[in-house]
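Undergrad: Take this structure, written in structure tokens, and hold onto it; I'll ask about it next.
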Amino acid sequence: SVLALAASLHQASAVLMNTHAVNSSESDDPCKCMNWKELYDTGRVLCGEFGEMTKHEAKTDHTLQEISAVWAAHPEQMASKCTEFFEKLNSTACVPYWDKLEEEGAWCYVSDKCQDLDTGHAVSDKTIDAFVSLKRDVAGKTCQPQEFRLDRDYTTEQLYAFAKKNRINMADMVLNLYNLQWGQSWIVFGAQWNANNFTALHNKIVMDMPMVIAKGINTRQEMMILRRNQLWELYYAPKRCPETKYCLEKRPEEVTIPPGTEFRPLPRWTF
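1 is the number of the first residue of the sequence shown in my numbering; add one for each residue after it.
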């Protein structure tokens with residue numbers, strides 16, 4: 001359970017926090033995004049303490065008991081989000097809040113000495129029981145537009161290469177980063193795409209962020225990734241693509257974008 005994990009990490013975390021307190025790289029720039037995997041591995045934070053659970057709860061300050069309750073209510077979704085995604089994320093890139101497509105709606109963990117958290121806040125100390133407390137020295141920061149975002153600043157191929165290197169299930173990767181449309185009628189969308197029908201697909205193509213379109217209802221077996229006027233097929237093939245469990249293939253056809261088309265960055269989103 002989350003409480004048991006927190007207790008087991010308590011002693012190691014206390015030692016590591018003393019080490020990190022004198023780390024020069026953090027002292028030089030307390031607002032620099034920290035490495036996700038390192039934070040979780042060392043117990044400085046548990047998945048769910050800030051923005052990891054915004055799909056289920058808008059607030060970003062959770063007790064260990066609240067995190068456990070969300071795990072109990074949504075075990076598969078939380079495993080996809082925490083075990084298969086965040087905890088394998090060997091990166092300092094900003095990650096979008098659940099409201100994925102909102103420009104500037106991304107975050108990361110930083111030192112609690114950072115004074116420029118935007119809509120973020122320090123992560124509160126956690127109580128395991130009446131006598132044991134987990135001290136926290138980190139904060140969640142809402143990233144600025146110029147900071148590197150995993151969903152926006154990697155191409156689709158670069159994101160796949162990153163997933164492969166870190167052995168992250170690519171379905172978990174894109175479902176936690178990109179906007180998703182379940183049950184999209186692929187027959188209609190595919191016909192419009194093959195017909196180069198920009199007018200019919202306009203609202204999706206001009207969104208200046210990637211989108212995932214499921215080829216069936218409530219299935220992860222086959223999905224399409226749409227990025228502007230380009231399309232990739234992502235399909236489950238663990239033997240052929242063992243590192244990511246999914247293979248990625250780019251569709252050769254592209255929809256023609258008329259001259260002068262403006263792409264829409266989406267508005268700022270805050271809690």
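Built from N, CA and C at the ideal position, the CB exists for glycine as well.
As the structure is a computational prediction, the values presented were derived from the model and not from experiment.
Restricting to Cα atoms, I'd like to know which of H121, Q77, K37 is closest to T92.
TA: Stepping through the sequence shown from its first residue, residue 92 is reached at position 92. Ranking H121, Q77, K37 by Cα distance to T92 puts K37 first.
Undergrad: Cα separation between I272 and L180?
TA: Lying before the first or after the last residue shown, residue 272 is absent from the chain, which here runs from 1 to 271.
Undergrad: E262: buried (16+ other C-beta within 10 angstroms of its C-beta) or exposed?
TA: Translated into positions along the sequence shown, residue 262 becomes position 262. Exposed, because fewer than 16 other Cβ atoms sit within 10 Å of the Cβ of E262.
Undergrad: Among K59, S111, L46, which one has its Cα closest to the Cα of D28?
TA: Here residue 28 is taken as the residue at index 28 of the sequence shown, counted from 1. Among K59, S111, L46, the Cα nearest to that of D28 belongs to S111.
Undergrad: In the DSSP assignment, find the unbroken beta strand (DSSP E) run with A214 in it and report its ends.
TA: As a first step, residue 214 is located in the sequence shown; it is residue number 214 there, counting from the start. Taken as a continuous stretch (DSSP letters only), the beta strand (DSSP E) holding A214 covers 211 to 214.
Undergrad: Just how far apart, CA to CA, sit N176 and Q77?
TA: Counting from one through the sequence shown, the residue named residue 176 turns up at place 176. Counting from one through the sequence shown, the residue named residue 77 turns up at place 77. C-alpha separation (whole angstroms): 10 Å.
Undergrad: What residue range is occupied by the uninterrupted alpha helix (DSSP H) comprising K286?
TA: The structure shown has nothing for residue 286, since the chain only spans 1 to 271.
Undergrad: Do Y236 and P210 come within 8 Å of each other at the CB atom, strictly closer than that value?
TA: Position 210 of the sequence shown, counted from the first residue, corresponds to residue 210. Position 236 of the sequence shown, counted from the first residue, corresponds to residue 236. Cβ distance not < 8 Å, so P210 and Y236 don't count as in contact.
Undergrad: Near E253, which residues of its chain fall below 8 Å by C-beta distance, leaving aside the five closest residues on each side in sequence?
TA: Residue numbering aside, residue 253 sits at position 253 when the sequence shown is read from its first letter. Excluding sequence neighbours, E253 sits near W193, N194, N196, L231.
Undergrad: Tell me which residues share the same chain as V22 and place their Cβ nearer than 8 Å to its Cβ, disregarding the 5 neighbours each side in the sequence.
TA: As a working mapping, residue 22 is identified with position 22 in the sequence shown. Only weak support exists for where V22 lies, its pLDDT of 38 falling under 50; the value from the coordinates is given anyway. Answer for V22: no residue qualifies.
Undergrad: Cα-Cα, which of N229, I187, N203 is closest to I217?
TA: Position 217 of the sequence shown, counted from the start, is the residue given in the question as residue 217. That would be I187, whose Cα lies nearest to the Cα of I217.
Undergrad: How many Å lie between A171 and R220 at the Cα?
TA: Counting from one through the sequence shown, the residue named residue 171 turns up at place 171. Counting from one through the sequence shown, the residue named residue 220 turns up at place 220. Taking the straight line from one Cα to the other gives about 7 Å.
Undergrad: For I257, which of F50, Q158, R227 has the nearest alpha-carbon?
TA: Here the question's residue 257 lines up with position 257 in the sequence shown. Taking only the C-alpha atoms, the option nearest I257 is R227.
Undergrad: Closer than 7 Å to a non-hydrogen atom of the ligand HEM - does that hold for the CB of C247?
TA: Of ligands this structure carries none, so the ligand HEM is not represented either.
Undergrad: Can you tell which of Y154, S124, R240, W107 has the C-alpha that lies nearest to the C-alpha of K135?
TA: For the purposes of this step, residue 135 is taken as residue 135 along the sequence shown, with counting starting at 1. Closest by alpha carbon: S124.
Undergrad: For the alpha helix (DSSP H) that D29 lies in, which residues bound it at each end?
TA: Taking the sequence shown and counting its residues from 1, the one referred to as residue 29 is at position 29. Unbroken run through D29: none, as it is neither H nor E.
Undergrad: Select from R251, L39, G260, R264 the residue whose C-alpha is nearest the C-alpha of N90.
TA: Stepping through the sequence shown from its first residue, residue 90 is reached at position 90. Here the closest residue by C-alpha is L39.
Undergrad: Can you tell me where the alpha helix (DSSP H) holding A106 begins and where it ends?
TA: On the sequence shown, residue 106 is found 106 positions in, with the first residue counted as 1. Not the alpha helix (DSSP H): A106 falls in the beta strand (DSSP E), residues 106 to 111.
Undergrad: Cα separation between Y246 and C94?
TA: Numbered from its first residue, the sequence shown carries residue 246 at position 246. Numbered from its first residue, the sequence shown carries residue 94 at position 94. Distance between the alpha carbons of Y246 and C94: 24 Å.
Undergrad: Could you check if E249 is buried or exposed, using at least 16 other CB atoms within 10 Å of its CB as the buried criterion?
TA: The residue given as residue 249 occupies position 249 in the sequence shown. Label assigned to E249: exposed.
Undergrad: Identify whether W186 lies in helix, strand or coil by the three-state DSSP scheme.
TA: To locate residue 186, count along the sequence shown from 1; it is residue 186. In the structure shown, W186 sits in a helix (DSSP, three-state: H, G or I).
Undergrad: Is D125 helix, strand or coil by DSSP?
TA: Walking along the sequence shown from the start, residue 125 turns up at place 125. Three-state DSSP puts D125 in coil, outside helix and strand.
Undergrad: Per DSSP, what kind of secondary structure is A139 in: helix, strand or coil?
TA: Within the sequence shown, numbered from 1, the residue matching residue 139 stands at position 139. Of the three classes helix, strand and coil, the one that applies to A139 here is strand, per DSSP.
Undergrad: How long is the line joining the alpha carbons of P30 and Y109, rounded to whole angstroms?
TA: Taking the sequence shown and counting its residues from 1, the one referred to as residue 30 is at position 30. Taking the sequence shown and counting its residues from 1, the one referred to as residue 109 is at position 109. Cα-Cα distance, rounded: 10 Å.
Undergrad: Hey, quick one: how far does the beta strand (DSSP E) through N179 stretch, first residue to last?
TA: Counting from one through the sequence shown, the residue named residue 179 turns up at place 179. Per DSSP, N179 belongs to the beta strand (DSSP E) from 179 to 181.
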